[in-house]
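In full-length UniProt numbering, the protein residues as written are 1 to 289.
Quick reminder that beta carbons are idealized off the backbone N, C-alpha and C, glycines included.
Okay, so here's the structure we're looking at.
Dropping the structure here:
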């Protein structure tokens, strides 16, 4: 039930972004408000758990880098991308994050001894992305919006690699660390507000979508992810990633009447199969006595 709730809240983020865009809000405004609302939720949860925010400058400097790549930049890119791309497709392209993570690991040398199965999964995943874009067709999805969405997925991968090496396991409690990161993302986003265009009188539906996006699909999902990892392990938490495109596609079709052709749906399946293959690990048989 908790995994299903997390998938629904997280996967619905693309719907709320689209509704906010369609009702008078700009990508920069969505990014700033989403970060601020998520930070407030996590601050309240951290306070209830008696977890204190970090105090040293070094940690805050690292948090600022993580906040840029994990929050401020991808939040903005998803808003910019969904101005021209359906919310369901945005959720599908978000699923390419593990592929970018593996590719980055190969480039920087943290991934060694790549198995044939994982290499095939990497190639298959990007082939599925190409199938979704269909650049060989006049009506393909290749556009600046689609490239922005891919950039958001790649930014997440960069952030996860950085956070794993520079932030986690250094003594700060996870909830407090997440709250501090979203505080940093809020500061970065508000600095960009003057370049984001004037507030054009958002409609009530846009404000409601923004509140749900910030509170539920950002703040609460951070907390649920943290609890799922703590109680059931990272593998179970990672499984939620396979459900996000399904949720985003279903909500886009039901709520926004978005139509996805057979090619895009086939591309989604190919991407998810490729991602699953990249997570394959070879188990060493236990010694017998």
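Checklist entry - Mind pulling the alpha helix (DSSP H) runs of 4 or more residues that sit fully within the segment 165–218? => result 174–191 and 204–214
Item to check | Contact belief for residue 77 with residue 152 at Cβ below 8 Å, rounded distance in angstroms | outcome: 4 Å
Checklist entry - Taking only beta-carbon atoms, is residue 274 less than 8 Å away from chain D? => result Reference to chain D is not applicable here, since this structure consists of a single protein chain.
Next on the checklist: Does residue 43 pass the burial test, meaning 16 or more other C-beta atoms within 10 Å, or should it be called exposed?
Outcome noted: buried
Item to check | residue 36 versus residue 131: straight-line alpha-carbon distance, rounded | outcome: 36 Å
Checklist entry - Hey, how far is the Cα of residue 174 from the Cα of residue 3? => result 19 Å
Checklist entry - Can you tell me whether DSSP reads residue 37 as helix, strand or coil? => result helix
Checklist entry - Is residue 12 near residue 251, with beta carbons less than 8 Å apart? => result yes
Item to check | Start-to-end residues for the alpha helix (DSSP H) that takes in residue 110 | outcome: Here residue 110 belongs to no alpha helix (DSSP H), and DSSP marks it neither H nor E.
Checklist entry - Would the beta-carbon of residue 71 be found less than 7 Å away from any heavy atom of the ligand MN? => result Annotation note on the ligand MN: not contained in the displayed structure, which lists no ligands.
Next on the checklist: Within 10 Å of its beta-carbon, does residue 48 have 16 or more other beta-carbons around it, so buried, or fewer, so exposed?
Outcome noted: exposed
Item to check | Where the alpha helix (DSSP H) through residue 88 begins and ends | outcome: 87–94
Next on the checklist: Looking at the secondary structure, which residues open and close the alpha helix (DSSP H) in which residue 61 lies?
Outcome noted: 57–67
Checklist entry - If you count every other CB in all the chains shown that lies within 10 Å of the CB of residue 92, and 16 or more means buried, which is it? => result buried
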